[in-house]
Amino acid sequence: MQKAKILLVDDDPDLVRALRLRLRANNYEVATASDGYAAIASAQKEHPALIILDLGLPVGDGFVVLDRLQNIDSLAGVPVIVLSARDPQANEERALRSGASAFFQKPADNDELMNAIRLNIGLGTEQKAAWPS
Amino acid sequence: MDKTTQVLLIEDNPGDADLVRLRLIEGKSPVNVNCVNRLADGLASLAQQTPSVILLDLNLPDSHGAETFRRVMEQAPNVPVVVLSGQDDEALAMKAVHLGVQDYLLKGDISSKHLERAIRYAVERQGLLRALEITQKQQMEFKNQFLSHVSHELRTPLTCIHQYVTLLLDGLAGAMAPEQSDHLKTVLKSVNQLHAMIRDLLEATRAESGKMRIEPRCVAIGELVQQAVAMLRPTAEEKKVGLEIGVDQRLPLVLADPDRVLEVLINLVDNAIKFTPAEGSIIVRANLVETDPGHVYISVSDTGRGINPEAKALIFDRLYQDADAVDNNRSGLGLGLFICRAIVRLHEGRIWVASEPGQGSTFTFTLPVYSLAKLLAPIVAHKGHLRPAFVLVRVDLAPLSNPPRGNWKETWQQGLEILRRCVYLDKDLVLPPMVASGAAESFFVVASTDLLRSGVMTTRIREQLERVAEVKGKSKITITTLPVELPPAKLEETLEQQIQTVADCVTEMILASRERKQLHAGKVARETKSKKSTNSKEN
């Protein structure tokens, strides 16, 4: 079976390295981007099954990325998990309203995060059948 | 003073009033005196306009003593008050000064010069006080912003440490020797502690700046106690501390935010474990107290070393740290109880501690009982009589996908908001949401109408709900309506008793309808059922 591809967007290279290792160990293929602009370009090129997105990014922060993704037909259905150090009380609702499927505050519990990834990738493929867009 | 001083004189003795007025007019600076002789008139005047100063007699026809200035200051907190006092109650006037009154004058001893100066100083002092308050508020805001920024910045490196430590521990970067793994577990423990502290820091900041929110639901407190105890049992066992539950089986439901109350319980039990030596024991109780039937009392008692009397007064304050606890490396920021108190107060409950050094401690907090009768009273009765008929409407919103797509909470909250707008405020009531048994949410509406006419309302509800894409696109909407069948009213029954009967009936119906839904849930559903049905009798 082909591995599902995840696009990991974060501007902290150390964190990216560690998370990439963990995602690969969980049998995912990983692409990365470290700013908002690169995130959109990479998403269009790589067609990931899911995107993990930080909010505080250079060149277009996470909300800008969420907004762009919603407006690109081929990417609008890709589930996005926001992983940010920001306060959920001020950002979670906004992120979810902007199209994210889940919000995790850093540092996130690994098991919970992996669970959310698994569920959302499953949902993404189901959705294509149930939600023709 | 270049402007005319506006004086509000609240004085019921006409002789005293005239004298004060005369002395004011005699003075050098221009004054405008508005004189009233009752507190109610004074408060009414304050609601209309703000004077420069209030001259206040404490003993008025409609208010006496300390109560008088308390109410004046409540109405006009920023206006300086000078108390006019008789010779015989100087002690009271002095007490008033301690409570925030700017000055007091003895009635027999008022000269123009004296009065003018008292007023001028009172106005100046009040102004300084106000400026100080504003500065303090700005500082507080700055501090809170700073703390919230810091806690965010701290998370970034913490996340990195956490990720690499777990990477190593999970063997994702090669196998580890048992000893290395042990060391890393110690690191992880510290990382988790640091994480908890950052969380507390933000929570406390929120509590202090009034940004903490609660979402009350109808909650069986016994279930929350069990949850908290289950979560902390491993910690207690590791320390060889007994952990028992003593929850009264016939407790009414409470109106509370389940997540927040769980936080309070975890905090109190965790503290109890920290301060109880091995072989000691902890018991978490929940019960009713005869003298206060409107609240459920929840307490956590331990057999630890207790708290000394000086500490008892400070223990709920921000940053309070027990000196011995620090020595013994039982770390924390001293914010836990401060956060607990903020949460309990948001529920309009109280929290306190009873303790004797060496005898252990008992922390108790109260939560308001969920009283359906109290909620129903304004809508089921009209002009002293029970309305003729009632129906119970149940609106189910079930997410179309599992797990729900997007922000399900926002979806059902929006649904609830729409529901609230679909009912008549004076005749119908949308009940506070119950704790959901799964992702699906059920809302109940008690409506003062009969089954025949309720169709209009349910049609309106469905139309409004379906109009909103957010709700329609993400949930399956089911609306069911049942008449509330009341037993024949007895002649001697008071309105209050009749309302109680309606409440009891509605409670029974809700529990029965929840049960039907939960039938497939097996054992868990039966447990909840037996607990809830005893509750309904109590309600």
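Taken in sequence, the protein lines are chains A and B. With the working numbering applied, the first sequence closes on residue 146, and no number is skipped along the way. With the working numbering applied, the second sequence closes on residue 616, and no number is skipped along the way. By construction, the Cβ of each residue, glycine as well, lies at the ideal position given by its N, Cα and C atoms. None of these values were measured; they are calculated from a predicted model.
Problem - Neighbour list for S225(B) in chain A, Cβ cutoff strictly below 7 angstroms - result: Near S225(B) (Cβ distances below 7 angstroms), the residues of chain A are D100.
Handout entry: Spatial distance of R427(B) from L414(B) (CA atoms)
Key = 12 angstroms
Handout entry: Buried versus exposed, by CB contacts within 10 Å (16 or more), H597(B)
Key = Since pLDDT at H597(B) reaches only 33, below the 50 mark, its modelled position is unreliable, and no value is offered.
Handout entry: R310(B) and L301(B) closer than 8 angstroms at C-beta
Key = No, these two residues do not count as a Cβ contact at 8 angstroms.
Practice task
Check the Cβ of R40(A) against every Cβ in chain B and list those closer than 9 angstroms, keeping chain order.
Solution key: One detail in the question is off: residue 40(A) reads as Asn in this sequence, not Arg. Near N40(A) there are no residues of chain B at all, since even the closest Cβ is about 12 angstroms away, more than 9 angstroms.
Exercise for the section: In angstroms with no decimal places, state the Cα-to-Cα distance between S376(B) and R362(B). Expected result: The straight-line gap separating the alpha-carbon atoms of S376(B) and R362(B) is approximately 5 angstroms.
Problem - Inter-residue Cα distance where the pair is S129(B) and L101(B) - result: 14 angstroms
Problem - Assigned exposure category for N612(B) - 16 Cβ within 10 Å defines buried - result: In this prediction, N612(B) has a pLDDT of 39, which is less than 50 and means its spatial position is unreliable; what the coordinates show is noted afterwards. By the 10 Å Cβ count, N612(B) comes out buried.
Problem - Rounded straight-line distance, which links the Cα of R471(B) to that of V366(B) - result: 33 angstroms
Exercise for the section: Mind listing the chain B neighbours of N123(A)? Cutoff is C-beta to C-beta under 7 angstroms, in chain order. Expected result: T243
Problem - Backbone CA spacing between Y447(B) and L96(B) [nearest angstrom] - result: 56 angstroms
Problem - First and last residue of the uninterrupted alpha helix (DSSP H) at I102(B) - result: Here the alpha helix (DSSP H) through I102(B) covers P91 to E103.
Practice task
Identify the contact partners of A89(A) in chain B, using a Cβ-Cβ distance below 9 angstroms as the criterion.
Solution key: By Cβ distance, chain B contributes nothing, its closest Cβ being about 13 angstroms from A89(A), past 9 angstroms.
Practice task
Please report how far the alpha carbon of L68(A) lies from the alpha carbon of L231(B), in whole angstroms.
Solution key: 16 angstroms
Exercise for the section: With a 10 Å radius around its C-beta and 16 neighbouring C-beta atoms as the bar for buried, classify A477(B) as buried or exposed. Expected result: It should be noted that the sequence gives Leu, not Ala, for residue 477(B). Exposed, since its Cβ has fewer than 16 Cβ neighbours within 10 Å.
Practice task
Flag this pair as touching only if the region 417–424 of chain B and the region 438–446 of chain B have three or more C-beta atom pairs under 8 angstroms; answer yes or no.
Solution key: yes
Practice task
Say whether chain A places a C-beta atom closer than 8 angstroms to the C-beta of T488(B).
Solution key: no
Exercise for the section: Determine the burial state of Y181(B): buried for a count of at least 16 other Cβ atoms within 10 Å of its Cβ, exposed for fewer. Expected result: buried
Exercise for the section: Taking only beta-carbon positions, decide if Q240(B) is within less than 8 angstroms of chain A. Expected result: yes
Handout entry: Pairwise C-alpha distance: A307(B) and V430(B)
Key = 23 angstroms
Handout entry: For A51(A), the first and last residue of its enclosing beta strand (DSSP E)
Key = A51(A): not part of any beta strand (DSSP E); member of the alpha helix (DSSP H) spanning G49 to E59, first to last residue.
Exercise for the section: Compare the C-alpha of G437(B) against each of K389(B), T368(B), V331(B) and E543(B) and name the closest. Expected result: K389(B)
Exercise for the section: Have a look at L109(A), Q118(A), A44(A) and A62(A) and flag the residue whose alpha-carbon is nearest the alpha-carbon of W485(B). Expected result: L109(A)
Problem - Candidates N364(B), L183(B), A117(B) and L244(B): closest to R327(B) by CA position - result: N364(B)
Exercise for the section: Compute the Euclidean distance between the alpha carbons of L313(B) and A516(B), then round it to the nearest angstrom. Expected result: Looking at the sequence shown, residue 313(B) is not Leu but Ala. Rounded to whole angstroms, A313(B) to A516(B) spans 32 angstroms at the Cα level.
Exercise for the section: For A250(B), return the contacting residues in chain A, with the cut-off set at a CB-CB distance below 8 angstroms. Expected result: L34
Exercise for the section: Could you check the C-alpha separation between K460(B) and L572(B) for me, to the nearest Å? Expected result: 11 angstroms
Problem - alpha helix (DSSP H) runs contained entirely in the region 117–164 of chain B, provided each spans 4 or more residues - result: Unbroken alpha helix (DSSP H) stretches of 4 residues or longer found wholly inside the region 117–164 of chain B: 143–152, given in chain order.
Problem - Stretch pair the region 78–95 of chain B + the region 275–284 of chain B: three plus CB contacts closer than 8 angstroms - result: no
Practice task
Check the Cβ-Cβ distances between A46(A) and every residue of chain B, and say whether any is below 8 angstroms.
Solution key: no
Exercise for the section: Starting from the beta carbon of R279(B), find every residue of chain A whose beta carbon is closer than 7 angstroms, and list them in chain order. Expected result: This sequence places Leu at residue 279(B); Arg is not what is there. Residues of chain A passing the Cβ test: D100.
Problem - Positions along the region 297–318 of chain B whose CB lies within less than 9 angstroms of some CB in chain A - result: none
Practice task
Compute the beta-carbon to beta-carbon distance between R35(A) and N123(A), rounded to the nearest angstrom, for a pair I have assumed lies under 8 angstroms.
Solution key: 7 angstroms
Problem - Sub-8 angstroms separation of D48(A) and D80(A) beta-carbons - result: no
Problem - Beta-carbon proximity list for I291(B), same chain, < 6 angstroms, skipping 5 on both sides - result: D334, R337 and L423
Handout entry: Contact the region 113–130 of chain B vs the region 147–166 of chain B: 3+ CB pairs below 8 angstroms
Key = Counting C-beta pairs with one atom in each stretch, the region 113–130 of chain B and the region 147–166 of chain B have three or more that are closer than 8 angstroms, which means they touch.
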